[in-house]
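Worksheet: the structure to be examined is printed underneath.
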Amino acid sequence: MASHHLVVIVAVFGSLCVAAVGQDNKIVLPFAPSCSTTGNYTGDSQYKKNLDELFSTLSTTAAADEWFSTTSVGTDADQVFGLIMCYADRNATECQECLAGAPAGIMQVCPGSRTADANYDACLLRYSDVSFFDAADVTYGADVNISFYVFTSPYVKNMTTMDDTRRQLMSRLAETAGDTKNKLKNGSVTYEDSLLRTSELYGMAQCTRDLAASECSRCLSAYVGELTRVFPNNSGGAIKGYSCYLRYQLWPINITLPPSPPPSSPAPPSPPPTVSTGLVAGLTVGAFSFLVVLGVSIWLLLRRRRKNAGRTKEQMYEDDFFDDEAAMEDDFEKGTGPKRFRYAELAIATDNFSDEHKLGEGGFGSVYRGFLKEMNQHVAIKKVSKSSKQGKKEYASEVRIISRLRHRNLVQLIGWCHGGGELLLVYELMPNASLDTHLYNANADVLPWPRRHEIVLGIGSALLYLHEEWEQCVVHRDIKPSNIMLDASFNAKLGDFGLARLVDHGRGSHTTVLAGTMGYIDPECMITGRTNAESDVYSFGVVLLEIACGRQPIMAPQQKAEEEENKIHIAQ
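All the letters of the sequence shown, read from the start, carry residue numbers -22 to -1, 1 to 550 under mature numbering (1 follows the signal peptide of the UniProt record, and there is no 0).
Here it is as structure tokens:
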């Protein structure tokens, strides 16, 4: 509890310092905006003028009214309604930056939209040509309307205990948050987890302050019902919607956002100054600052130790990836690594991931075609399915491994994004898609033998680089035609490193969980669970046979009846 108080003190102290610093008006882009697409306004319309005035008013009044404001500007068809709110678990500096930069961000992401809803890291912004005040935005059709999820690892040992305890706590907070002045409630309950060595489960629930208590409870209760499905065994998670916000985790939640400072009143006459006044004030402030910094440092150290205690090696591996983000972004600035994108940038590039931009869909998620204006480049964006086996572990593995590889026959990873609860990977676009589309698509042109030969040589060159020429041996573990991409000149490039593993040279086989695609997995690996570079060579051999004879390693029963000879017979 003492550590929690320290954080609050630091937040208040920080807010006083921010007041002396000029307002930063940089653009803040939203994570997952919802933009209307019909009846758009034009740049010289009255609605646009009213919207500009609305944004100016919202940001100013929210900063003076405990970080929340609703207002409207104009009349009749040009009237625009707006709402802005800061999240209670963000500090004053983050809130001020969001209030100042959010309007410009939503204008950039939703140009011309008469209605838009947007969630940011520190605040929520909404506007519309129809009043939405007093009514919770909970449903869209038959589904709960959620802006995005925020996932947290590591994972608890007992899902049932977590679910029961979490539901008990969050249901109580959802029922009572609407009765408070700021529509905010936080609390904790006892929770024991032998794996993570924790004793408390913490939660918070917050609604926009225009809602009545019943509407606030309705919004939060809908999100409580989503927790079991979305966060089955996560140690923490959050759901951000357009009317309410729900968060839980196994360590304290810092409600750091202080009330807005009250208007300054005339100071009472001061007593005659003494020689020691300045000295005493300086020593007091210096001592206070030192104690705060020392206390926070100790708290962070203890928290990190508790957080790391009991984690598995794989969980620590995943967290190391997210700790390395700053270094990876520095590599990109030097032209040697991938870039971290914001969700809004990729949403713009794909027209909000519309079906018209979808290139395909697989077991690990959907792939979309996009165009990055800033880089003047067409890209392929893979939206990793949160319910697939790939998940966060494989996503982190792919970014960490492929971002360090440089070879002409490997697909280039341009960047990644895990904002807004989404896992996104950005690759160079391969105009001729994957190899399997040319082998088994009846409408595709038949690949001539010289081209097939070049494809085989290209993949062989990539494997030689992965297994012997790079600083460590990279075992791909999922070599198949659908993971072999073809560029505009039909040069083969190996992609999808989500299942790849690093092995030191000379170590030999590596025991691992069985991974890959049936028909391409080394039989010895299936029996022993041990994989190595030779496992990739076996998969490459299967692909070579496919390229040579145009038959899949595993056929449907009706295909087998029609095909009496298999690949082995043909090879003989």
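In this text, a Cβ means the ideal position worked out from N, Cα and C, and glycines have one as well.
(1) Using a threshold of 8 Å, state whether the C-beta atoms of S91 and S14 are closer than that.
(2) Output needed for F319: all residues of its chain with C-beta closer than 6 Å, excluding positions within five of it in sequence on either side, in chain order.
(3) According to DSSP, is D121 helix, strand or coil?
(4) Cα-Cα, which of Y65, T35, T53, A55 is closest to W45?
(5) Out of Y321, L151, P428, state which residue places its alpha-carbon closest to the alpha-carbon of residue 590.
(6) Find the nearest neighbour of Y223 within the set E204, T49, V202, C185, judged by alpha-carbon distance.
(7) When DSSP builds the beta bridges, which residues end up paired with A470?
(8) Ends of the beta strand (DSSP E) at G215?
(9) Going by DSSP, what residues sit across from M182 in a beta bridge?
(10) For a minimum of 3 consecutive residues, which ranges assigned as the beta strand (DSSP E) are wholly contained in the region 61 to 98?
(11) M63 and L7 look like a contact to me (Cβ under 8 Å); what is the Cβ gap, rounded to whole Å?
(12) Between E153, A80, F518, S47, which lies nearest to A100 when the distance is taken from Cα to Cα?
(13) Could you say which of L472, T16, D456, T143 lies nearest to R389 if we only look at CA atoms?
(14) Have a look at D30, H431, D482, L391 and flag the residue whose alpha-carbon is nearest the alpha-carbon of F523.
(15) Sort out for me which residues DSSP pairs F59 with in a bridge.
(16) CB-CB under 8 Å to Q450, same chain, minus the five flanking residues each way: which ones, in chain order?
(17) Are the CB atoms of R452 and A478 nearer to each other than 8 Å?
(18) Kindly give me the distance between the Cβ atoms of G52 and L36, rounded to whole angstroms, as I take these residues to be in contact under 8 Å.
(19) Is it a yes or a no for the region 425 to 439 touching the region 504 to 517, going by three-plus beta-carbon pairs under 8 Å?
(20) Distance, Cα to Cα, G156 vs K163?
(21) Tell whether a beta-carbon distance below 8 Å holds between G165 and L174.
(22) Excluding the five sequence neighbours on either side, which residues of its own chain have a C-beta within less than 6 Å of the C-beta of N461, listed in chain order?
(23) Return the chain-ordered list of same chain residues with a C-beta closer than 6 Å to the C-beta of M463, the five sequence neighbours on each side being excluded.
Taking the definition as stated:
(1) In this structure, S91 sits near S14, with a CB-CB distance shorter than 8 Å.
(2) In the same chain as F319, and ignoring 5 residues on each side of it, the C-beta atoms closer than 6 Å to its own belong to G393, C395, in chain order.
(3) With a pLDDT of 42 at D121, under the threshold of 50, the modelled position of that residue is not reliable, and the figure given next carries that caveat. In this structure, D121 counts as strand in the three-state DSSP scheme.
(4) Check the Cα spacing between W45 and each of Y65, T35, T53, A55: the tightest is with Y65.
(5) Within the shown structure, residues of the chain are numbered from -22 to 550, placing residue 590 beyond reach of any answer.
(6) Among E204, T49, V202, C185, the Cα nearest to that of Y223 is on C185.
(7) Note: A470 sits in a beta bridge opposite L464.
(8) Run containing G215: 212 to 218, per the beta strand (DSSP E) assignment.
(9) In DSSP, M182 forms a bridge with N164, R225.
(10) 94 to 97, all fully within the region 61 to 98.
(11) Actually they are not in contact, since the Cβ atoms of M63 and L7 sit about 18 Å apart, beyond 8 Å.
(12) A check of alpha carbon separations from A100 across E153, A80, F518, S47 identifies A80 as the nearest.
(13) In the sequence as presented, Arg is not what sits at residue 389; that position holds Val. Looking at the Cα atoms, L472 is the closest of the given residues.
(14) In the sequence as displayed, the identity of residue 523 is Leu instead of Phe. The shortest C-alpha separation from L523 is found at H431.
(15) Partner residues in the beta bridge of F59, as assigned by DSSP, are S50, S106.
(16) Excluding residues within five positions, the ones whose Cβ falls inside 8 Å are L480, V481, D482, H483.
(17) According to the sequence as given, residue 452 is Val; it is not Arg. Between V452 and A478, the gap from beta carbon to beta carbon is short of 8 Å.
(18) In this structure, G52 and L36 do not form a Cβ contact; the two beta carbons are roughly 14 Å apart against a cut-off of 8 Å.
(19) The answer is no - the region 504 to 517 does not touch the region 425 to 439, with fewer than three Cβ pairs under 8 Å.
(20) Taking the CA atoms as reference points, G156 sits about 8 Å from K163.
(21) No, they are not a contact pair.
(22) Correct list, in chain order: G473, D474.
(23) The answer, listed in chain order, is V389, M408, S412, K471, G473.
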